[in-house]
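What follows is a short report on a single structure.
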Amino acid sequence: MTISKEEFSEWKNDKVTMAIFQVLDTLRTGYMMQLASGATLGDKTAEETAKVVGRIQGINDLLLVDYEDDVNV
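Start counting the sequence shown at 629; every next residue gets the next number (our numbering).
What follows is the structure, given as structure tokens:
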């Protein structure tokens, strides 16, 4: 299925999409605060830190999604 640039723009500007993106942004901020406060430090520091960093990167990937020409979904 191909999504046009206009369809993508409609989706990204939809109130439901925008609300979900706001929740994701809040979650990302919380994860970043966990890292900054040292919450992942402990017995499994590397593992816990990697999980939180992975969550942040996953959220970033969703929040920064943009339209690319000639992409089929």
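Positions of the beta carbon are idealized from the N, C-alpha and C atoms, including for glycine. These numbers come from a predicted model, not from an experiment.
Setting aside the 5 residues that flank it on each side, residue 633 is surrounded in the same chain by 695, each with a C-beta closer than 6 Å to its C-beta; the list follows chain order. With 16 or more neighbouring CB atoms inside 10 Å of its own CB, residue 687 falls in the buried class. Under the three-state reduction of DSSP output, residue 669 falls in the coil class, being neither helix nor strand.
In the structure shown, residue 694 falls within a coil segment according to DSSP collapsed to helix, strand and coil.
Leaving aside the five residues that flank residue 691 on each side, the residues in its chain whose CB is nearer than 8 Å to its CB run, in chain order, 649, 652, 653, 656. DSSP, read as helix, strand or coil, puts residue 688 in helix.
Under the three-state reduction of DSSP, residue 653 is assigned to helix.
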